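Read through the structure below, which is laid out as structure tokens, and then see the notes.
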Amino acid sequence: MRKQTLALVLAGTMLGGVLGWAAAAASYQKTGTVKEVSGDSFTLDLGKEAWRFYTDGGTQGKDALKVGDKVTVTYKQVATKIEGKGAAKAPAKKK
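FYI, in mature numbering (1 follows the signal peptide of the UniProt record, and there is no 0) the residues of the sequence shown are -25 to -1, 1 to 70.
Written as structure tokens, this is what we have:
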């Protein structure tokens, strides 16, 4: 009985560690200058391009954003909806 309990605890710990590592690996960072700030978003000038980031109530540091500040943004790309459209059609062969 004790071996089974120990095996379950170890398996749970390993699974938690793997899931935690996977979640940490899914975050990215961009550093640039704040170009524009609005109520729920801001634009970051990255030099050759500009990115718009959206914020919510859980976004840390959003209240301190000011145009001209150099900041590093940590973000995650998360799908909110996936809609199936069927298989893509193969291009017609030329004769």
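Glycine is no exception: its CB is placed at the ideal position from the N, C-alpha and C atoms. In this text, all values refer to a predicted model and were calculated from it rather than measured experimentally.
**Study point:** Inter-stretch contact (C-beta, 8 Å, three-pair minimum) for the region 28 to 45 and the region 7 to 16
**Key:** yes
Practice item. Under 8 Å by Cβ, that's how I've got residue 2 and residue 51 pegged, so tell me the actual separation to the nearest angstrom. Key: 5 Å
Practice item. Determine the extent of the beta strand (DSSP E) in which residue 47 is found, giving its start and end residues. Key: 45 to 51
**Study point:** Buried versus exposed call for residue 19 [16 or more other C-beta atoms within 10 Å across all chains shown]
**Key:** buried
**Study point:** Spatial neighbours of residue 49 in its chain, beta-carbon cut-off 8 Å, leaving aside the 5 residues before and after
**Key:** 2, 3, 4
Check your understanding: Is the beta carbon of residue 43 sitting closer than 8 Å to the one on residue 8?
Key -> yes
Exercise for review: State the beta-bridge partners of residue 35 as determined by DSSP.
Suggested key: According to DSSP, which records beta bridges pairwise, residue 35 is partnered with nothing at all.
Exercise for review: Would you kindly work out how many angstroms separate the C-alpha atoms of residue 40 and residue 53, rounded to a whole number?
Suggested key: 23 Å
**Study point:** Collapsed DSSP secondary structure at residue 55 in the structure displayed
**Key:** coil
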